[in-house]
Every structure is written in C-alpha cells, then in structure tokens.
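A.B. asks: Right, I'll just put the structure down here and ask away after.
Number of protein chains: 2
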Amino acid sequence: MSKNNLLLLFDRPLETVIVPKGPNQIAFDVPVDLLSDRYKPIGMEVSNRFGEETKTKIPVPRLLNLIFIGMRDVDDLLAMAIYARERVNPYLFNYCFSVALLHRPDTQDLELPSFIGSFPDKYFDSQVFARAREEATVIPQERRQPIEVPIDYTASDLEIEHRLAYFREDLGINLHHWHWHLVYPFEGAMQVVNKNRRGELFYYMHQQIIARYNLERFCNNLKRVTRFNDWKEPIPEAYFPKLDSLVASRAWPSRVEDQTLSDLRREQDQITQDLDDLRRWRERIFEAIHSLAAQDANGQTIPLTEFEGIDVLGNMIESSMLSPNRNFYGDMHNMGHVFISYIHDPDHRHLENFGVMGDSATAMRDPIFYRWHAFIDDVFQQFKGSLPRYTEAQLNYPNITVTGVNIQSGNGPPNTLNTFWQQSDVDLSRGMDFQPRGNVLVRFTHLNHEPFSYNITINNASGGTKRGTCRIFLGPKVDERGAPWRFVDHRLLFIELDKFTVNLSQGANNITRNSTESSVTIPFERTFRNLDLNRPVGGAALSQFNFCGCGWPHHMLIPKGTPEGWQCQLFVMVSNFDDDQVVQDTAGTCNDAMSYCGIKDRLYPDKRSMGYPFDRMPRDNVSNLEEFLTPNMIVQDCIIKFTNTIRKPAQ
Amino acid sequence: MSKNNLLLLFDRPLETVIVPKGPNQIAFDVPVDLLSDRYKPIGMEVSNRFGEETKTKIPVPRLLNLIFIGMRDVDDLLAMAIYARERVNPYLFNYCFSVALLHRPDTQDLELPSFIGSFPDKYFDSQVFARAREEATVIPQERRQPIEVPIDYTASDLEIEHRLAYFREDLGINLHHWHWHLVYPFEGAMQVVNKNRRGELFYYMHQQIIARYNLERFCNNLKRVTRFNDWKEPIPEAYFPKLDSLVASRAWPSRVEDQTLSDLRREQDQITQDLDDLRRWRERIFEAIHSLAAQDANGQTIPLTEFEGIDVLGNMIESSMLSPNRNFYGDMHNMGHVFISYIHDPDHRHLENFGVMGDSATAMRDPIFYRWHAFIDDVFQQFKGSLPRYTEAQLNYPNITVTGVNIQSGNGPPNTLNTFWQQSDVDLSRGMDFQPRGNVLVRFTHLNHEPFSYNITINNASGGTKRGTCRIFLGPKVDERGAPWRFVDHRLLFIELDKFTVNLSQGANNITRNSTESSVTIPFERTFRNLDLNRPVGGAALSQFNFCGCGWPHHMLIPKGTPEGWQCQLFVMVSNFDDDQVVQDTAGTCNDAMSYCGIKDRLYPDKRSMGYPFDRMPRDNVSNLEEFLTPNMIVQDCIIKFTNTIRKPAQ
C-alpha cells in the first residue's frame with residue numbers, strides 16, 4: 009500500500025471511513041471489527057452504496073493493538089488509524105495522527121493536508137457552510153462560483169477593537185499558531201516534546217506576536233495592548249466569533265462585554281481550579297525570576313542562567329512537561345487560556361463548551377488573547393530585564409560596517425512599502441462532510457503587500473573574507489503620542505523580518521535580498537495550499553514542499569500601515585557569524601520559517617538568544633535607538649502606505 | 009393545477025424552487041424570470057440535474073405583480089409565491105405565505121404542513137442536524153434509526169431553572185405559541201388582525217401560560233416566577249439555547265448570567281429605543297388603568313369598561329395595530345421582548361442577531377420569558393382587580409347543583425392523575441435542505457399523562473331541561489410554604505382544563521368527559537403531525553383535520569406532579585348557558601382548542617370574560633376558595649403522581 013493513502017484519513021473528518029475519500033473517491037476495504045458499533049451491522053451495505061463512485065479499493069490490514077507512533081509499519085498504522093478514526097473525536101484524531109505522521113521516520117516526508125481543509129469551520133464564518141452546501145448540492149461543478157466572505161463579519165467599526173480583526177482573524181496567522189503548537193506540543197512523548205530551546209521559542213514566538221499586534225494597533229490609531237493582569241476586573245473587550253464547530257455541531261461560545269473570571273468547577277471535564285491557584289503560580293514564578301533560581305520537584309535549585317534560563321522559564325510559564333516543577337509552578341499560561349475560555353460557564357451548569365481561547369486554532373481571533381499574552385510577555389521581560397546587558401563587544405562585529413540600506417518595492421519611491429487588500433480562494437470541499445464531491449471555493453479578503461527587496465551595503469575592512477548573520481527588524485518611528493521612543497520600550501516593538509547568512513568579501517559588498525525569502529514566513533501557497541493542485545511529485549521536490557505549515561503567513565509580513573504612510577524604522581545588523589553559528593546540516597528539511605518555528609528535527613539555527621539584539625536592557629548611557637547602534641548596525645526610516653482597494657485573486 | 013401544490017413551497021425552505029420538492033419529488037417548471045439572479049443563468053441546467061428524481065412537473069404561470077393575499081386565483085398565487093420564495097428570507101416567506109393561505113377563502117381548507125417540519129432548527133438541539141445529515145447521506149433509508157435527543161441538553165441540574173426545561177423547551181408548547189401569534193398577528197391586513205376579542209385573548213392565553221408555569225414550578229419545588237419589573241437590575245437567569253438558525257447559519261445567541269438591559273441603537277435594524285420609553289409607556293398604561301380610561305390619537309377618551317376594557321388594554325399593552333394610541337402607549341410587551349433579545353449586542357456593534365426572546369417560535373424556551381410575562385400579567389391584573397367583583401347572581405346557576413366530581417385514570421385510584429416521560433418521533437426530512445431524500449426521524453422525550461375522564465354529577469332542580477357550560481380548572485392545594493391559599497392569590501393559579509356545553513335533564517345527571525376532548529388542547533397527532541402519513545383525503549375529513557396548529561399540546565395538559573403525588577384541586581362549575589352563549593355556526597371549522605385560540609373566522613365562543621370565574625377579585629367576605637363556591641361549583645382534591653420512566657414511542 010502506498011503510504012499516501014494514510015492522508016485520505018484527513019478527508020471529511022466526520023464521515024465514517026466506509027464512505028470513499030478524496031477527489032478520486034478511493035474506498036477502504038474495511039474489516040468489520042474496525043468499524044464503530046453503529047456501522048458494524050451495515051458496513052458492507054453502506055460500502056456498496058458508494059461502490060459506483062469508487063475507483064480504487066485499498067485493503068486494510070487487520071487491526072494490531074498498537075498506538076500510532078509505535079506502529080510497526082505503515083500498514084499497521086493505517087489499521088490503527090482507521091480504528092481510532094471511527095471512534096474518537098475528529099479533532100483529537102487529527103491532532104494525534106498529525107503528530108505521529110510528523111514524527112515517524114517512515115512518514116515524515118508526507119505532506120500533511122492543510123488543517124483548514126479538514127476543519128474549515130475553525131477558520132470561516134459559519135454562514136459559509138450553508139452556502140457551500142447549497143453550491144455543492146444544487147450547482148453543477150463547472151458552474152460553481154467562489155463564495156465570498158465579507159472581511160467584516162464578526163463586528164462593526166462601532167467596536168474599536170474590531171479595527172484589528174483583519175489581523176486577529178487572519179487565516180494564515182491562526183494556521184501558523186495552530187501549527188506552532190502542533191510542532192511544539194507541551195505534553196506527549198518525550199522525543200516529541202523535548203525539542204531544542206522550545207521553552208525559549210515559546211517566549212520569543214509569542215513576544216513577536218505581541219510586537220506585531222502592537223504595530224498593527226499603531227497603524228490603526230490605537231495604543232499598545234493592555235496587559236490582563238488584574239484577574240478580578242471585568243473584561244471590557246467582547247468577542248463574538250461567529251464560528252460553528254462542525255464536530256460538536258455547536259456554535260463557538262461568545263464572550264460578552266464585562267464578564268469576569270471565576271473559579272472553575274467543571275467536574276466532568278476534570279477541570280477544577282481556583283483563580284487563587286493562578287495567582288499563587290504567578291507569585292512563585294516571580295520569586296524564581298527575582299532570585300534567578302527555580303526549585304525542582306526534589307527541592308534542588310536550578311539556576312536561571314543568562315542564556316539557558318529563558319528556556320527553563322518558557323517551559324515553566326507555558327507550562328510544558330519540561331517545566332522544572334509543574335506541581336509548584338503550575339500551568340499559568342495554559343490555565344489562563346482555560347479560565348478565559350470558560351468565562352461564560354465556569355461550573356458547566358449550562359453544558360457549554362470552551363470559547364475560542366481554549367483552542368490554539370482559534371485563540372488568536374479573540375482580543376483577550378493579546379491582553380493575556382501581553383501579561384505573559386511582561387513576566388518574561390521581567391526576567392530578561394534582569395540579565396546582564398549586551399556589551400559593545402557582544403553587539404559589534406569588528407571591521408564590519410553597514411553603510412547603507414534601502415527598501416525598493418517595484419518602481420515606487422525607495423523605503424516605501426505598499427499594502428492593500430487581496431482576495432484569495434480556498435477549497436472547502438475536503439471538510440464538507442456528507443456532501444456531494446467537487447470543489448467549493450471560498451473567497452476571502454486579507455492584507456497583502458507588494459513584494460520588495462532590501463539593498464544593503466556592507467564594508468568589510470577586516471582584510472579577509474568574513475561571514476555574518478544579517479538580522480532585519482522593523483519598528484515604529486514614534487510612540488502613540490508621536491513622541492520619540494526610549495530604547496527600553498522601543499526594543500520591545502521590533503518585529504523580525506528576516507535573518508540570513510552573508511559572505512562578505514573585502515571592501516564594499518552589495519547585498520540584495522527579496523522579501524519573499526524571509527526567514528519568518530512561509531509562502532502564501534503553503535499557507536493556503538490546495539493539496540490536489542500543483543503538488544510536486546516525490547523525492548526532493550516533495551521534501552522542499554514539505555511539511556511546515558508552521559511559519560508566519562507571508563501576506564502578513566508587513567503591518568498594514570496607513571493611507572498617508574505610517575512611519576517606521578528598518579533596523580539591519582550584521583552579527584559575527586562565529587557567535588551565531590550552529591553546525592548542522594539543514595538541507596532538504598523545511599527551513600524557510602526558522603525564526604519563529606525552528607527547523608524540524610534540528611537545533612535552533614542561531615546560537616544567540618532569541619530576539620537578539622533587542623532582548624535585553626541596553627548598556628549604560630544608551631537611551632535611544634541611535635545610541636544603541638554599533639557600526640555593524642544601521643537604521644533607515646521607511647513608510648508603509650496602505651491602499652484601500654481589493655485585488656482579485658491571481659488566476 | 010391542484011392547489012395542494014402550493015404546500016410544496018413549504019418544503020426545504022432554503023433550497024431554490026428549481027430543486028424538486030416533497031416526497032414524490034415534484035418539480036416546478038419555472039419560468040426564468042421568477043428565479044433569483046444566481047439561478048437565472050443556470051435554471052434549466054439545475055432543473056435537469058434533478059430530472060431523473062422527478063416524477064411530475066407543474067407548470068407555473070407567468071408572474072403577475074400582486075401580493076399573496078390579493079392574488080386573483082391559486083395559479084397567480086403560486087407564481088407570486090415562487091417569485092418571493094426565491095428572494096426573501098425563508099422565515100418571512102413562510103410566515104407571509106402561511107397567513108395568506110389561512111385567510112384566503114380559496115386556500116383556507118388547505119392543511120398547512122407543520123412548522124416544525126420546515127424549520128426544525130427552531131425546535132431541536134443543533135447537534136441533531138449533523139447526525140441527521142450523516143444518517144441521510146450514509147445510511148440506506150430502510151436501515152435508518154431515529155436520532156435520539158437527550159431530554160437535558162441546554163443545562164444541567166446545577167442550574168435551578170433547568171428544572172423547568174421540559175416545559176420551556178417542549179416542542180408542542182413552542183409550536184402552540186408560534187401558531188397563536190400566526191393566527192393573531194399584531195400587524196398586517198386589517199381583516200387578519202382585527203379578530204374578535206384578540207386583545208383579551210392575548211391577555212388570557214398568556215395569563216394561562218404563567219399559571220401553568222407556576223404550577224410546574226410548584227411541582228419542582230420552586231416558588232412562583234418573579235416579575236421582571238426592575239429593568240435596571242441584572243438578570244440572574246442565564247439561557248444557552250443551543251439552537252442553530254439554519255436560515256441565518258448562525259447560532260441563536262446565548263444570554264449569560266447577570267446581564268443588564270441597555271438602550272437600543274441598532275440603526276440597521278431600525279431599532280432605536282430607550283429603556284426610558286419602556287418606562288414611560290408603562291406609566292401611561294398604569295394611568296389609563298387607574299383612571300379606567302385611555303386616550304386615542306385624537307385626544308378622545310376611551311373608557312376601559314367592565315367587559316370590553318380588557319380587550320382594549322390587551323391591544324394597548326401587546327401592542328397591536330388595534331391599540332387605541334400606539335404613539336402614546338407605545339409597544340410595551342413587544343419591545344420588552346426586543347430589549348431582552350438584544351441584551352448581548354444592543355448597538356449592533358458585534359453584528360449579532362436577536363436571541364430566542366425575539367421570535368415567537370423560540371421565546372418560551374428562555375426563563376426570562378416567564379419573568380417578563382409575569383410582569384405583563386401583573387399589569388393586566390391591576391386592571392382586573394379594579395373591576396366590579398362578580399356577585400353571587402353572576403356566578404350561581406339557580407337550581408343547578410354540582411353534587412360530585414371525580415377523576416378516573418385507567419384502573420387506578422380515583423382522583424389520581426399519572427404522568428411520565430414519553431418518547432415520540434418527528435420526521436426532519438422536509439427541513440433538511442440540500443440533503444438526500446427519505447425520512448430522518450428524531451426521537452425526543454416529553455412529558456405525558458395517562459388519559460383520564462371526569463365523572464360529574466349535576467342535579468337539575470329547575471323543573472325543566474337546562475343547558476350549562478361546564479368549566480373545569482385545576483389549581484394548587486397549598487402555596488409554596490404548604491400553607492392554605494388566600495383566594496385573591498389562589499384564583500391566579502387555576503389552569504383551564506376543559507370547557508363544554510352540557511344538557512341537563514331534570515334531576516340527577518351523570519356527565520362523563522374524556523380528557524382527550526379538552527377545549528384547551530390539540531391532539532398529539534396534530535402537534536407533531538407527519539404530513540405524509542395518515543392524512544385524511546379531501547372534503548369533510550380534511551376540514552376536521554384542518555388548520556389549527558394553535559392549541560395547547562395535549563401531552564402538556566396536566567402539570568408534571570411529583571413522585572409522591574402533588575396535591576391539587578379540581579374545580580368544576582356549570583354556568584348559565586344564557587349568559588355564556590354566542591350564537592353562531594361552528595361546525596366544520598377547527599374548534600377543539602377554542603379556549604386559548606378561539607375559533608377560526610368566528611366569534612370567541614364564550615360570552616363571559618375570559619378566565620371567568622377567576623378573573624376578578626372575590627365578592628365581600630370571600631377569603632378562600634371554599635367561601636367562593638356557589639352551589640353550581642365544586643372542588644375535589646386530587647393528586648398528580650409522576651413516574652420517572654421513559655415510554656417508547658407508540659408504533
């Protein structure tokens with residue numbers, strides 16, 4: 009059996025596996041004992057009903073009682089997966105099966121289908137699905153038109169926070185967040201969880217989300233997001249997700265204005281937790297931070313060191329199973345999500361499910377996500393703020409001078425980035441259980457920007473060839489009041505745009521780098537990939553177009569800007585490669601969004617602390633960005649111009 | 009064309025009319041100009057796609073530009089209806105088309121399909137529909153099993169108000185309420201709205217709902233429902249309906265704990281109203297009540313008279329277009345529903361629809377419905393309390409003595425009623441748009457009771473034959489504290505069970521009346537009728553099984569009782585027919601649920617004030633029920649025993 013058949017199990021997650029799957033209507037020849045009780049007596053009959061639509065039948069080996077990740081080979085894995093698929097919650101199946109395929113040596117070259125295809129209900133306005141059902145049932149395939157989703161459907165401009173909906177509800181951003189937590193689960197098999205610097209990456213990836221969110225807020229005339237740290241205060245920002253869970257056949261609960269957290273007493277979910285626990289964990293974490301030492305389960309002291317401490321802290325705060333002491337430091341970040349997600353029904357009396365904050369696929373839609381993570385980030389920053397400041401020697405690259413940088417976008421004026429609305433299509437049909445086959449496209453509108461390039465000139469006066477790491481960040485020019493920044497605040501608002509190795513010949517070097525090469529993002533096509541079109545076939549091509557749904561969506565690389573042009577600062581630094589380098593082979597694996605996602609099965613490919621050089625307080629006498637610069641850094645003022653037009657999808 | 013084809017337009021309300029309708033897959037041969045723009049270019053093609061399933065084609069005449077109720081004949085009506093159906097909101101279409109069919113002389117003998125069939129989403133847990141879709145798609149017709157809905161799905165017993173969910177969420181009760189407002193719309197064509205005593209019936213039908221609800225509360229160890237009259241206080245009773253609107257593709261919004269009403273500023277819905285308006289209307293209505301006079305739009309005084317005043321007041325409070333002055337007395341009851349239904353999004357910033365309180369098909373599910381209507385009823389009672397008390401002469405029937413009454417249920421002990429849980433099936437398939445055909449049964453659980461009969465002995469000492477109206481009510485024996493009732497409170501808690509004419513020979517008369525003959529209820533089969541089974545064919549049979557979804561569901565005639573036997577009092581009165589009689593021919597029309605619904609196109613068939621003899625304060629020196637009795641009345645203590653078992657559906 010071809011292992012590609014495994015991927016058919018992601019198709020139509022609510023439908024029994026007896027019903028043929030995939031665009032070619034491939035049927036599994038399923039032994040009766042794999043079926044759930046409902047289908048056991050009628051399996052053959054149901055299977056035959058779909059016989060005429062079926063083109064191929066795949067023999068399914070008898071079930072072996074093993075779990076996915078331990079299954080002997082691909083055939084056994086398929087049997088086990090089918091058995092589980094007929095019985096467990098479809099989300100759970102998808103998650104477990106995805107983790108297994110990603111981590112098994114014999115399946116990790118498979119390209120997982122886009123999560124959005126299996127569970128479009130987590131990403132699209134519930135109204136899409138009735139229209140899609142109508143389209144699929146009534147309109148012949150060749151006459152179907154894409155179903156257009158309005159950009160504003162969760163709220164109106166009466167709600168100030170709605171200005172950020174294009175960011176919070178962006179499909180790519182939410183897919184990135186889901187994939188990140190899929191790649192970095194906080195619990196599970198040790199070889200899956202214990203990835204290089206995962207705790208630090210938890211800190212850094214979320215810090216960057218908050219920085220990016222704040223930049224978008226500036227572009228929309230809003231101040232930085234307010235930390236949610238008083239857990240007794242009502243939450244003024246409401247959120248009505250307007251999503252239906254197709255699996256639960258329930259709407260995702262809304263969060264109305266001015267609700268307040270409560271102790272949780274959801275016994276059936278085995279969630280009983282007091283808000284006092286959350287406060288207690290916070291105080292203990294602060295104690296560890298302020299004494300630069302944690303205590304493990306045996307009462308031993310674990311120092312929170314200059315470079316590794318942040319990784320310990322990330323696992324402690326998230327928390328992951330790598331936390332030094334989950335019993336003592338608790339589960340602060342995760343339980344914050346849980347408290348918020350049950351705010352409407354804390355004791356389960358109304359039999360309500362959790363809200364969007366309870367699921368990594370949907371949490372970033374809710375304004376409270378950013379208030380919560382602003383709090384979490386602030387805790388990390390308390391630690392970072394207490395570390396030794398970078399000396400000039402740690403920042404500078406002797407004899408390397410960045411002499412100039414500019415951005416060029418098309419034929420426009422230099423240092424001007426251009427953003428606009430873009431429409432794109434996604435095919436829903438794989439997630440449309442119990443519907444006729446054929447594509448059903450949804451057309452949605454998202455932010456996008458013109459491609460651009462960085463032109464960097466670097467002088468190498470070292471007398472020989474040098475290598476460096478070019479680090480590109482973007483930050484705001486002025487604060488909310490239009491006043492200049494103090495570096496201590498400014499540094500927290502720099503978003504990473506790219507990071508790459510440069511080889512520097514003697515003398516002047518001109519480096520050109522395209523925006524699409526960003527180490528932060530994955531290409532548009534991968535975020536919204538259509539499995540059935542343009543798929544590279546086998547081998548090297550397949551591995552290049554490999555798994556890595558993890559990655560900031562390229563269309564969101566640049567903040568929205570403003571019609572008059574939002575003032576920002578491009579920061580470029582070339583650091584000493586000797587202090588950056590991690591020696592490993594990264595060829596062939598998905599490594600194009602390493603900044604926020606790392607590289608699969610490899611070490612994090614930058615030896616510096618994540619966020620370097622902005623992750624610490626500045627050295628003495630540095631009060632603003634200008635004073636912070638060493639010769640291997642440069643700052644260039646830029647503007648981001650937003651044009652309020654909608655471009656049609658590329659054909 | 010047979011006018012029965014009109015009824016096919018109720019089938020699958022979201023599907024274009026091009027797709028064949030009804031179990032026999034009858035297609036309309038639709039001229040292109042009736043179709044909506046989406047289907048115009050592909051009408052023929054779509055129509056042909058379904059050709060093989062189609063058995064008959066009905067020619068649709070060209071559109072005439074008329075509205076439903078004014079259409080010349082049935083053919084024109086069909087054309088107009090198809091045109092509208094393709095364009096307007098399906099609920100709106102259903103409502104308008106239903107009203108038209110009910111009121112046109114040439115269509116009023118049509119039996120409208122059950123509303124629950126067209127819009128099952130207003131009555132069933134949203135989870136049913138995914139399961140139904142699975143059943144319809146995957147399981148062959150003959151192997152399908154009913155989908156069981158649990159009786160508790162909106163909340164758990166942690167929520168005290170959930171004890172009443174079986175009543176609030178009863179399908180029959182909600183269908184009754186929807187039908188009542190369909191038969192008695194508050195706006196529309198004058199000949200439709202201006203029905204005999206509609207304002208009074210608005211008062212009485214809702215008064216009885218509150219009385220019935222309070223009796224159910226007693227059976228569940230709860231005190232009477234608390235009026236909602238402080239509109240600034242948070243509402244502690246939350247409600248999470250767990251219904252999806254299939255038309256809007258949105259969940260019905262939830263109402264969380266402790267929300268507070270706000271001024272409405274929903275400009276797009278053209279609803280801008282202040283809570284102060286509601287208060288102002290209330291004060292003016294009280295002023296009219298306390299001065300026994302209203303003022304009309306011309307400043308003329310309309311006295312609120314002893315017998316007709318309640319009808320004026322009903323239209324004023326509801327309000328209907330028959331209100332003496334809507335500008336001055338406003339729209340209190342209706343706007344109360346609206347204020348509550350938008351409590352979660354009063355200025356539409358979150359683009360949310362109204363909650364269940366905003367729709368007569370769903371309002372009775374929410375605990376706040378009863379708190380609101382307890383307030384409304386209290387306003388009516390302030391008026392009723394100020395009317396002249398009934399004299400003994402107005403109550404007594406000289407020479408007629410009710411000498412005994414008992415209830416017999418099966419072979420059980422006398423005066424013991426028996427209740428239990430009953431399962432019943434409803435076919436969803438007519439409301440399952442865009443799905444394969446074939447029945448999909450939903451099995452739900454509701455209260456029911458053993459049939460019983462009243463055995464009444466009446467002595468006629470008048471020396472001749474007499475006619476009387478036998479009025480049967482049921483009330484609680486003791487109050488919430490177990491204490492005896494004062495009549496002024498007790499009288500508000502009597503629920504009508506039956507009302508019928510008796511002919512009394514001289515001397516002793518033994519009257520036996522079956523519970524199923526109740527003038528309050530419609531038979532179980534009509535509440536949940538399956539159009540396609542057991543339908544009488546044409547003429548007299550059809551008119552007996554005619555329109556009248558309006559009527560309390562028979563299975564809810566009797567309160568739930570308690571396992572140990574809930575103590576209640578049966579009240580029987582025989583009133584003087586001379587003062588009751590309304591001379592009219594009521595044969596052939598639906599007249600078996602006249603107490604709460606009247607008789608279609610006839611006068612209300614009882615000349616007395618509705619609620620008689622309990623609708624007024626008692627005469628002097630009457631402090632309890634015993635003292636209230638005249639010889640033509642009798643009271644019998646009874647008990648209602650609830651058995652907590654679930655009976656399977658009758659086959």
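For the protein sequence lines, the chains are S and Y, in the order given.
Following my numbering, the numbering of the first sequence begins with 9 at its first residue and continues without gaps.
Following my numbering, the numbering of the second sequence begins with 9 at its first residue and continues without gaps.
Every residue, glycine too, gets a C-beta built ideally from N, C-alpha and C.
Only counting the same chain, and skipping five residues up and downstream in sequence, which positions put a Cβ closer than 8 Å to that of K231(Y)?
C.D. replies: Taken in chain order, the residues that qualify are R225, E488.
A.B. asks: Using DSSP with H/G/I as helix, E/B as strand and the rest coil, what is H562(Y)?
C.D. replies: Correct three-state label for H562(Y): helix.
A.B. asks: Along the stretch 184-208 of chain Y, what residues have a CB closer than 9 Å to any CB found in chain S?
C.D. replies: For the stretch 184-208 of chain Y, which is checked against every Cβ of chain S, not one residue is closer than 9 Å.
A.B. asks: CB N202(S) to CB G606(S), shorter than 8 Å?
C.D. replies: No, the Cβ-Cβ distance between N202(S) and G606(S) is not below 8 Å.
A.B. asks: Helix, strand or coil, according to DSSP, for S432(Y) in the structure here?
C.D. replies: Residue state, collapsed to three classes: strand.
A.B. asks: Count the other CB atoms within 10 Å of the CB of I75(Y); is the residue buried (16 or more) or exposed (fewer)?
C.D. replies: I75(Y) comes out exposed.
A.B. asks: Please state whether DSSP places F650(S) in a helix, a strand or coil.
C.D. replies: Of the three classes helix, strand and coil, the one that applies to F650(S) here is strand, per DSSP.
A.B. asks: In the DSSP assignment, the beta strand (DSSP E) including A516(Y) goes from what residue to what residue?
C.D. replies: 515-522 is the extent of the beta strand (DSSP E) around A516(Y).
A.B. asks: For the stretch 322-366 of chain S, which segments carrying the alpha helix (DSSP H) assignment without a break, of at least 4 residues, lie completely within its bounds, in sequence order?
C.D. replies: Listed in chain order, the complete alpha helix (DSSP H) runs (minimum 4 residues) inside the stretch 322-366 of chain S are 334-337, 340-349.
A.B. asks: Mind pulling the alpha helix (DSSP H) runs of 4 or more residues that sit fully within the stretch 445-524 of chain Y?
C.D. replies: Taking only runs of at least 4 residues, the alpha helix (DSSP H) segments lying wholly in the stretch 445-524 of chain Y are 495-498.
A.B. asks: Could you tell me the distance, in whole angstroms, from the CA atom of I415(S) to the CA atom of C478(S)?
C.D. replies: One C-alpha to the other measures close to 15 Å.
A.B. asks: Measuring straight from C-alpha to C-alpha, what distance separates R274(S) and L359(S)?
C.D. replies: Rounded to whole angstroms, R274(S) to L359(S) spans 10 Å at the Cα level.
A.B. asks: Identify which residue in N447(S), N419(S), N522(S) has its Cα closest to the Cα of I464(S).
C.D. replies: The option with the nearest alpha carbon to I464(S) is N522(S).
A.B. asks: On the DSSP letters alone, give me the boundaries of the beta strand (DSSP E) that L578(Y) sits inside.
C.D. replies: Counting along the chain, the beta strand (DSSP E) containing L578(Y) begins and ends at 574-584.
A.B. asks: Evaluate K250(Y) with the Cβ neighbour count: other Cβ atoms within 10 Å of its Cβ, from every protein chain shown; 16 or more gives buried, anything less gives exposed.
C.D. replies: Buried: at least 16 other Cβ atoms inside 10 Å.
A.B. asks: Using DSSP bridges, identify the partner residues of R80(Y).
C.D. replies: Answer by DSSP bridge pairing: none, since R80(Y) is not bridged.
A.B. asks: For a contact defined as C-beta to C-beta under 8 Å, what are the partners of A246(S) on chain Y?
C.D. replies: What A246(S) touches in chain Y: H358.
A.B. asks: Do N511(S) and R475(S) count as a contact pair if the criterion is CB distance below 8 Å?
C.D. replies: Yes, the pair counts as a contact, with Cβ atoms nearer than the cut-off.
A.B. asks: Rounded to whole angstroms, what's the CA-CA distance from A491(Y) to G317(Y)? Just pull it up for me.
C.D. replies: Roughly 34 Å separates the two Cα atoms.
A.B. asks: Report the option in V264(S), Q390(S), Y350(S) whose CA atom is closest to the CA atom of G322(S).
C.D. replies: The shortest C-alpha separation from G322(S) is found at Q390(S).
A.B. asks: So F194(Y) and S328(Y) are in contact, right, with Cβ under 8 Å, and what is the actual spacing, rounded?
C.D. replies: Right, the Cβ-Cβ distance comes to about 4 Å (below 8 Å), so this counts as a contact.
A.B. asks: Quick one: any contact between the stretch 212-222 of chain S and the stretch 629-645 of chain S, if contact means 3 or more CB pairs under 8 Å?
C.D. replies: No, because fewer than three Cβ pairs between the stretch 212-222 of chain S and the stretch 629-645 of chain S fall closer than 8 Å, the two stretches do not touch.
A.B. asks: Return helix, strand or coil for T145(Y), following the three-state DSSP convention.
C.D. replies: Here T145(Y) sits in helix by DSSP.
A.B. asks: Within 8 Å of any Cβ in chain S, is that where the Cβ of H283(Y) sits?
C.D. replies: According to the sequence displayed, residue 283(Y) carries Leu and not His. Cβ-Cβ to chain S under 8 Å: no for L283(Y).
A.B. asks: Let me know the secondary structure DSSP gives K29(S) once reduced to three states.
C.D. replies: Strand.
A.B. asks: Would you kindly check if the distance between the Cβ of W239(Y) and the Cβ of L269(Y) is under 8 Å?
C.D. replies: Yes, the pair counts as a contact, with Cβ atoms nearer than the cut-off.
A.B. asks: Does any residue of chain Y bring its CB to less than 8 Å from the CB of R258(S)?
C.D. replies: Yes, contact with chain Y.
A.B. asks: Quick one: which residues of the stretch 155-167 of chain S get their C-beta closer than 9 Å to a C-beta of chain Y? List them in chain order.
C.D. replies: For the stretch 155-167 of chain S, which is checked against every Cβ of chain Y, the residues closer than 9 Å are D160, Y161, T162, A163, S164, D165, L166, E167.
A.B. asks: Would you mind sorting E291(S) into buried or exposed? The rule is 16 or more other CB atoms within 10 Å of its CB.
C.D. replies: Exposed is the call here.
A.B. asks: For E37(S), name the three-state secondary structure that DSSP assigns.
C.D. replies: In the sequence on display, residue 37(S) carries Asp and not Glu. Strand, per DSSP.
A.B. asks: Identify whether M372(Y) lies in helix, strand or coil by the three-state DSSP scheme.
C.D. replies: M372(Y): helix per DSSP, three-state reduction.
A.B. asks: Give a yes or no on whether the minimum CB-CB distance between K130(S) and chain Y is below 8 Å.
C.D. replies: No, K130(S) lies away from the interface with chain Y (no Cβ there is under 8 Å from its Cβ).
A.B. asks: Counting only beta-carbon atoms, is T24(S) nearer than 8 Å to chain Y?
C.D. replies: Judged by the 8 Å Cβ criterion, T24(S) is in contact with chain Y.
A.B. asks: Residues in the same chain with beta-carbon distance under 6 Å from G569(S), minus the five sequence neighbours each way, listed in chain order, please.
C.D. replies: Same-chain partners within the cutoff: C227, T427, I648, K649, F650.
A.B. asks: Straight-line CA distance for R655(Y) to Q430(Y)?
C.D. replies: Taking the straight line from one Cα to the other gives about 5 Å.
A.B. asks: Just confirm the distance between the C-beta atoms of H563(Y) and L425(Y), as a whole number of angstroms; I'd bet it's less than 8 Å.
C.D. replies: That pair is no contact at about 13 Å.
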